[in-house]
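Okay, so the sequence shown: first residue is 9 according to the working numbering, each after it adds one.
Think of the CB as a built atom: it goes at the ideal place given N, C-alpha and C, for glycine as much as any other residue.
These notes are about the structure you will find just below.
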Amino acid sequence: MAKLYLIGTGPGSSDYLTVAAVKATKSVDVLVGSQRALDLFPDFRGEVLVLQAKNMDEMMKKSVSLVDGGKTVAILSTGDPGFSGVLKPILKLRDDLDLEVVPGISSLQLAAAKLQVPWDEVNLLTLHGKGNSDVILDCLDNGKVTIVLPDFRVEKLAQFLLENDVDPKRKIAVCERLSYPDERVFTGTVKELASMEFNYLCVMVVY
Ligand SMILES: C[S@@+](CC[C@H](N)C(=O)[O-])C[C@H]1O[C@@H](n2cnc3c(N)ncnc32)[C@H](O)[C@@H]1O
């Protein structure tokens with residue numbers, strides 16, 4: 009039966025790939041995902057479609073039309089599909105598909121674990137694709153730790169916070185390339201972060 013899977017593949021390393029994710033990919037005809045997600049399934053022998061920021065909409069539509077044509081398709085979503093992942097755009101596109109979501113370990117969860125932050129009472133935010141927005145300013149002073157996926161560059165987000173009168177000495181942490189061999193965790197102040205450089209794969213925590 010044709011079906012669409014949305015499969016969370018974790019933050020990057022196969023150490024954080026679930027058995028359920030691996031099992032689900034074994035039953036599909038087509039695997040759709042970013043190159044770093046596809047690299048986690050080197051033994052997959054079906055059709056492969058590479059997802060890029062610029063062809064996201066096209067690939068979502070193509071995946072749905074393949075399912076309509078009788079194929080079983082899996083869209084890989086790094087981290088968890090439900091947080092800043094592919095679940096929202098797919099539901100916007102169609103809500104009548106035979107759909108199964110296989111959860112993955114989010115980069116937010118791994119950041120919380122690395123920094124030993126209990127995440128049941130934090131502000132969880134994504135600015136991904138939205139620019140540096142006031143959304144973050146609205147929650148910084150509610151007494152909770154904020155865990156945020158920045159929009160592309162974490163140092164630009166720090167500069168935005170400084171421009172908006174956030175205390176330059178406010179404590180922050182950046183978790184870069186979590187689970188990869190070159191993973192880096194920086195803890196310091198907003199001011200220090202504003203003049204540093206990080207890879208685009210970062211989670212930021214504001215204390
Ligand atoms: C489109 S969002 C997807 C988030 C994903 N669904 C999740 O649950 O982690 C991509 C952003 O997630 C963050 N991210 C994903 N993998 C990461 C990693 N290994 N280390 C740090 N941040 C990561 C980065 O902020 C990246 O720009």
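Check: Hey, how far is the Cα of D106 from the Cα of V213?
Finding: As a position in the sequence shown, residue 106 is number 98, starting the count at 1. As a position in the sequence shown, residue 213 is number 205, starting the count at 1. Straight-line Cα distance between these residues: approximately 37 Å.
Check: In angstroms, rounded to a whole number, what distance separates the CA positions of A82 and K177?
Finding: Taking the first residue of the sequence shown as position 1, residue 82 is located at position 74. Taking the first residue of the sequence shown as position 1, residue 177 is located at position 169. Distance between the alpha carbons of A82 and K177: 45 Å.
Note to self: Can you tell me whether C210 sits near ligand 1, meaning its C-beta is under 7 Å from at least one heavy atom of the ligand?
What the structure shows: Residue 210 sits at position 202 when you count from the first residue of the sequence shown. Yes - ligand 1 has a heavy atom lying nearer than 7 Å to the Cβ of C210.
Item checked: G20 CB to nearest heavy atom of ligand 1 below 7 Å -> As a first step, residue 20 is located in the sequence shown; it is residue number 12 there, counting from the start. G20: yes, Cβ under 7 Å from ligand 1.
Note to self: Applying the 10 Å Cβ sphere with the 16-neighbour rule, what's the burial state of D88?
What the structure shows: Counting from one through the sequence shown, the residue named residue 88 turns up at place 80. Only buried fits D88, as 16 or more other CB atoms lie within 10 angstroms of its CB.
Next item on the list: Give me the Cα-Cα distance between G196 and T134, rounded to the nearest whole angstrom.
Entry: Start at 1 with the first residue of the sequence shown, and residue 196 comes out as number 188. Start at 1 with the first residue of the sequence shown, and residue 134 comes out as number 126. Straight-line Cα distance between these residues: approximately 21 Å.
Check: Taking the alpha-carbon positions, what's the D159 to D104 distance?
Finding: The sequence position of residue 159 within the sequence shown is 151, counting from 1. The sequence position of residue 104 within the sequence shown is 96, counting from 1. Taking the straight line joining both Cα atoms gives about 31 Å.
Check: How long is the line joining the alpha carbons of A119 and L132, rounded to whole angstroms?
Finding: Indexing the sequence shown from 1 puts residue 119 at position 111. Indexing the sequence shown from 1 puts residue 132 at position 124. Using only the alpha carbons, I get a separation of about 12 Å.
Notebook entry, point to check: Name the DSSP bridge partner or partners of G18?
Noted result: Residue numbering aside, residue 18 sits at position 10 when the sequence shown is read from its first letter. BP columns for G18 point to G87.
Note to self: Below 7 Å, is the gap between the Cβ of Y13 and the nearest heavy atom of ligand 2?
What the structure shows: As for ligand 2, it is missing from this structure, which binds only ligand 1.
Notebook entry, point to check: Where DSSP assigns a beta bridge to F194, which residues make up the other side?
Noted result: Looking up residue 194 in the sequence shown gives position 186. V182, per the DSSP bridge assignment.
Note to self: Please tell me whether T17 and A61 are closer than 8 Å, where the distance is taken between their beta carbons.
What the structure shows: Here residue 17 refers to the residue found at position 9 when the sequence shown is read from its first residue. Here residue 61 refers to the residue found at position 53 when the sequence shown is read from its first residue. Cβ distance not < 8 Å, so T17 and A61 don't count as in contact.
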